[in-house]
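> One structure coming up, written as structure tokens, with questions to follow.
Residue numbers (full-length UniProt numbering): 1 to 183.
In structure tokens, the structure reads:
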């Protein structure tokens, strides 16, 4: 695999972070799909039974940053640190997941643990793949706390209802059955 210049990768990261902030503010993550190659893949694990995989820019647009982010209005994903490997084109971004909703004590509902994305740069300021990792147990625990405290938005409740049906959503696959391996 050919390496990339450090300056090109740093510029890609800056573009990525700026577009994330713009999409976060707009409440629509779909424009992020333009930052992936046409044949990019994007996946993550969804606990002990499922993994998620979107194959191709349009699946990324419709289901990875569309369906999977819908209902998360008011959530922010501030990057805490980014590591760049110009030799391989790998980038690791570590982020938090924080809701705009607050507890009675004024603290924001935030997923504890480590969340992050591992990207592979594909050149031309586009990612060729992305794999997310997050503490699924802490996500589930926080969502239960928010439901108990009636701190969920109607959009988030609809998202959870849709995700907890008996039928897997588009992009959800039994472990090891995705069209592209997760790892």
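Backbone N, C-alpha and C fix where the C-beta goes; we use that ideal spot for every residue, glycine too.
Quick check on the DSSP output: the beta strand (DSSP E) that includes residue 116 runs from which residue to which?
Looking at the DSSP string, the run of the beta strand (DSSP E) that includes residue 116 is 115-121.
> Residue 154 to residue 71, Cα distance in whole Å?
Approximately 8 Å between the Cα atoms of the pair.
> I'd like the list of long-range same chain contacts for residue 44, defined as Cβ closer than 8 Å, with 5 residues on each side in sequence excluded.
Closer than 8 Å at Cβ, skipping near neighbours: 51, 52, 131, 132, 133, 134 and 182.
> Let's test the definition: count the other Cβ atoms within 10 Å of the Cβ of residue 189 and tell me whether it reaches 16, buried, or not, exposed.
Nothing in the structure corresponds to residue 189, since the chain is present only between 1 and 183.
> Assess, as a yes-or-no matter, whether the segment 98-109 is touched by the segment 19-27 under the definition of 3 or more beta carbon pairs within less than 8 Å.
Between the segment 19-27 and the segment 98-109 there are fewer than three C-beta pairs closer than 8 Å, too few to call the two in contact.
> What separation, rounded to the nearest whole angstrom, lies between the Cα atoms of residue 162 and residue 171?
Residue 162 and residue 171: Cα-Cα distance of roughly 13 Å.
> May I ask which residues mark the beginning and end of the beta strand (DSSP E) holding residue 53?
50-55
> Check whether the Cβ atoms of residue 13 and residue 91 sit closer than 8 Å, and answer yes or no.
yes
> Pull up the distance between the alpha-carbon of residue 143 and that of residue 156, whole angstroms please.
Spanning the two alpha carbons is a distance of roughly 10 Å.
> According to DSSP, residue 133 sits in a beta bridge with which residue or residues?
Bridge partners of residue 133: 116.
> For chain B, is any of its Cβ atoms less than 8 Å away from the one on residue 6?
In the displayed structure, chain B is absent; only one protein chain is listed.
> Does the count of Cβ pairs from the segment 57-67 and the segment 29-36 closer than 8 Å reach three?
yes
> State the start and end residues of the unbroken alpha helix (DSSP H) segment that holds residue 218.
The chain is shown from 1 up to 183; residue 218 falls before or after that span and cannot be answered.
> Evaluate residue 195 with the Cβ neighbour count: other Cβ atoms within 10 Å of its Cβ, from every protein chain shown; 16 or more gives buried, anything less gives exposed.
Coverage of the chain is limited to positions 1 through 183, which leaves residue 195 absent and any answer about it impossible.
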